[in-house]
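Step one of this worksheet: look at the structure below.
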Amino acid sequence: MIFKLLLSVFLALPQVALTSQGTLEKFLPKDGDVEDWAKHRPMQHFAGEDLYEYINGGAEIYHEYGFVQVVVQDYVNDAEKSVSVEIYEMTSSASAYGMYTFKTNSKGKRISVGHDAQLADYYMNFWKGHFLVTLTGFDETEDTREGLLVIAKSVNSKISTEGEKPRIVSLLPEEDLVDESFKYFKGFVGLRNSYPFFGLNILGYEEGIKGDYSGGFSFFLFRFEEEQESQKASQSMRAQKDRRGRSLFVVAYREYLMMVLGTVDSMEAEQVFGRAKEKIRGRK
497 MIFKLLLSVF LALPQVALTS QGTLEKFLPK DGDVEDWAKH RPMQHFAGED LYEYINGGAE
557 IYHEYGFVQV VVQDYVNDAE KSVSVEIYEM TSSASAYGMY TFKTNSKGKR ISVGHDAQLA
617 DYYMNFWKGH FLVTLTGFDE TEDTREGLLV IAKSVNSKIS TEGEKPRIVS LLPEEDLVDE
677 SFKYFKGFVG LRNSYPFFGL NILGYEEGIK GDYSGGFSFF LFRFEEEQES QKASQSMRAQ
737 KDRRGRSLFV VAYREYLMMV LGTVDSMEAE QVFGRAKEKI RGRK
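Start counting the sequence shown at 497; every next residue gets the next number (the working numbering).
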């Protein structure tokens with residue numbers, strides 16, 4: 497009986513948790529894969545709690561989204577330009593997407609690599625399947641930026657895993673939505689880092705999404721396991737005020753908690769809520 501129970505638990509675990517260091521290493525470009533670029537210094541590998549040794553003070557957010565392991569490899573070219581590649585294995589495609597939204601913003605340049613890719617200054621991020629890839633250059637020269645692109649394409653070609661964005665992303669109202677402004681949340685750390693003013697105690701939600709709108713406001717959507725939980729959260733939130741003096745409107749609908757925050761009046765907020773409700777009804 498115990499054996500059957502353990503077997504059922506094992507089979508229920510995400511298959512990605514079984515990925516080995518060697519499997520991640522095969523995604524890294526080998527010498528000769530990318531013209532003019534070669535490996536520099538030994539590869540590094542961090543798994544589980546070891547991430548705190550690599551990212552001092554920044555590992556908590558990765559664990560909140562669902563971190564498994566990461567490999568890190570530096571590359572140099574003949575002009576002594578450097579690019580560092582980090583390949584993070586997350587527990588799911590939703591986890592990889594969430595970290596991608598945490599590390600990017602609407603000011604970056606969209607690049608056609610992976611499921612989504614963005615280049616900002618001398619950083620590039622993209623996600624594919626349950627993997628998040630971060631490439632860092634050390635200056636903004638054309639040589640370095642070209643290196644970021646060609647190395648990213650090489651990594652992308654080696655990752656065959658596919659994934660999908662979390663379903664809740666599609667529930668954001670589309671009218672006046674700012675492209676690439678999404679933030680996907682799995683807990684309080686991500687929410688707090690995106691909006692430090694949130695002393696708001698939104699606990700117990702399963703997942704959340706935020707989008708910015710050209711009208712000067714943001715829309716938040718949180719999904720709870722049960723409708724009564726969203727109702728309870730809504731009652732708690734109605735007593736809260738934004739520390740920056742912006743308007744804050746809150747409503748619960750089914751298992752979702754909705755918030756509109758910004759330079760917006762009650763009529764505009766109701767219109768946004770109405771569009772979101774239509775999307776939720778359409779997905780049932």
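Quick reminder that beta carbons are idealized off the backbone N, C-alpha and C, glycines included.
Note to self: Runs of 3 residues minimum, wholly inside the region 564-652: which ones carry the beta strand (DSSP E) assignment?
What the structure shows: 578-586, 612-616, 619-624 and 627-633
Next item on the list: Measure from the alpha carbon of V572 to the alpha carbon of each residue in G633, E658, G770 and F563, then state which is nearest.
Entry: G633
Check: On the three-state DSSP scale, how would you describe Y732?
Finding: The sequence given here places Ser at residue 732; Tyr does not occur at that position. Helix, per DSSP.
Item checked: I557 versus Y584, F622, Y752 and V674, residue with shortest Cα-Cα distance -> Y584
Next item on the list: State the Cα-Cα distance for the pair H559 and F718, rounded to the nearest angstrom.
Entry: 20 Å
Check: What do you get for Q569, buried or exposed, if any count of 16 or more other CB atoms within 10 angstroms of its CB means buried?
Finding: buried
Checklist line | Span of the alpha helix (DSSP H), counted from its first residue to its last, around S690 | finding: F684 to S690
Margin query: Tell me which residues share the same chain as A513 and place their Cβ nearer than 8 Å to its Cβ, disregarding the 5 neighbours each side in the sequence.
Written below: Bear in mind that a pLDDT of 44 at A513, under 50, signals an unreliable position, so the model cannot answer this.
Check: Going by C-alpha distance, which of F598, L645, E722 and M763 is nearest V609?
Finding: L645
Next item on the list: Report buried or exposed for N621, applying the criterion of at least 16 other Cβ atoms within 10 angstroms of its Cβ.
Entry: buried
Note to self: Give me, in chain order, the residues of the same chain whose beta-carbon lies closer than 8 Å to that of E549; leave out the 5 immediate sequence neighbours on both sides.
What the structure shows: F542
Next item on the list: Locate the alpha helix (DSSP H) running through L547, then write down its first and last residues.
Entry: L547 to Y550
Notebook entry, point to check: Grouping DSSP H, G and I as helix and E and B as strand, with all else coil, what is R537?
Noted result: strand
Margin query: Taking 6 Å as the limit between beta carbons, can you name the residues of its chain near G704, skipping five residues before and five after?
Written below: F681 and F718
Checklist line | Segment contact, 8 Å Cβ cut-off, at least three pairs: the region 699-713 with the region 645-657 | finding: no
Notebook entry, point to check: Is D574 closer than 9 Å to D532 when the C-beta atoms are compared?
Noted result: yes
Margin query: I need the boundaries of the alpha helix (DSSP H) containing K775, first residue and last residue.
Written below: S762 to G778
Notebook entry, point to check: Could you check where the alpha helix (DSSP H) with E560 kicks off and where it finishes?
Noted result: A555 to Y561
Notebook entry, point to check: Would DSSP call R663 helix, strand or coil?
Noted result: helix
Check: Hey, how far is the Cα of V505 from the Cα of E702?
Finding: With a pLDDT of 41 at V505, under the threshold of 50, the predicted position of this residue should be treated as unreliable, though the coordinate-derived value follows. If I take the Cα positions, the gap works out to 21 Å.
Notebook entry, point to check: How far does the beta strand (DSSP E) with Y701 in it reach, from first residue to last?
Noted result: Counting along the chain, Y701 falls outside any beta strand (DSSP E), and DSSP gives it neither H nor E.
Notebook entry, point to check: Around the Cβ of L699, are there at least 16 other Cβ atoms within 10 angstroms (buried) or fewer (exposed)?
Noted result: exposed
Margin query: If you reduce the DSSP assignment to three classes, tell me which class L668 lands in.
Written below: coil
Checklist line | Between the CA atoms of K577 and M763 - distance to the nearest angstrom | finding: 54 Å
Notebook entry, point to check: Can the beta-carbon of Y618 be found closer than 9 Å to that of M595?
Noted result: no
Item checked: E521 versus I655 - alpha carbon distance -> 11 Å
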